[in-house]
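Residues in the sequence shown are numbered consecutively from 1, following full-length UniProt numbering.
We put the beta carbon where it would ideally sit given N, CA and C, even for glycine.
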Amino acid sequence: MYANNAGGYIEYAFSLDANHDFHISTGVVRCTDTEDSQLFIFEKAKVTPRSKFTVLSAPDELIPQWYKTYKNGGKAPTDGEMYVVSYPVMTKYKVGEGFDTHGILVKTRIGGKEIDISNKVAFYTSGTVQLHQGRPFTAAGTKVVELRYEEKNIGKFTIDVADAPAASAYFTIHWLTGTIHVCL
């Protein structure tokens, strides 16, 4: 949702279709609930480009997804401009777990309209290793994930991959036959 104010242009959005209870305040404006990621303002709004929003209460999974920014010196994004509204929710993995793109929201403007291009975004680590939904991580460490659209870098975020816990070994001894079964 965009709000045009005398002082400029502000974008407000949640990354997911987040129809959950939450409260946001600038001190003069309070918002509650969403519909298709748009905020409902239930008090007379006096929002300026310098308004600072605070999430007063929200489900834990929504707090890091809150996004607000003052765009382009008070102007709406121009046609062809791409911008990341939100990054994937999951940023902590264990070796062997698959990459999860859930929560990514990337938009562009064409003909003055916002177009969701999230499904056309590619993810890369180390510059050349392409990630896709479910690709398992094979090494631990902190990794920078680049977002690319038509080979153009449009954003990046950091993930942490921890070593997987050591596997437990179990064994069974059959006293009558003398057989030992070992399971790793």
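If we count the other Cβ atoms within 10 Å of its Cβ and call it buried at 16 or more, is residue i buried or exposed?
i: P88; result: buried
Among the options, which has the Cα closest to the Cα of residue i?
i: V144; options: D100, V85, G127; result: G127
i: K152; options: Q133, F123, A140, L131; result: F123
i: I110; options: G80, D163, F99, P165; result: G80
i: A140; options: Q133, T125, H132; result: T125
i: G98; options: K113, N119, G134; result: G134
i: D100; options: A164, P165, N119; result: N119
Ignore the nearest five residues each way along the sequence and tell me which others in residue i's own chain have a CB closer than 8 Å to its CB.
i: V158; result: Per the sequence shown, residue 158 should be read as Thr rather than Val. Closer than 8 Å at Cβ, skipping near neighbours: T91, T142, K143, V144, V145.
i: I117; result: M82, V106, K107, T108, Y149
Rounded to the nearest angstrom, how far is the Cβ of residue i from that of residue j, given a contact under 8 Å?
i: Y149; j: V121; result: 6 Å
Are the Cβ atoms of residue i and residue j separated by less than 8 Å?
i: F137; j: G103; result: no
Which same chain residues, not among the five before or five after residue i, have their C-beta less than 7 Å away from its C-beta?
i: G155; result: V84, L147
Using a Cβ-Cβ cutoff of less than 6 Å, which residues in the same chain neighbour residue i once the five nearest sequence positions on both sides are dropped?
i: Y93; result: F137, V161
i: P165; result: none
i: E114; result: K107
i: D163; result: V95, A140
Indicate, with yes or no, if the ligand MN has a heavy atom lying under 7 Å from the CB of residue i.
i: S118; result: This structure simply doesn't include the ligand MN, nor any ligand for that matter.
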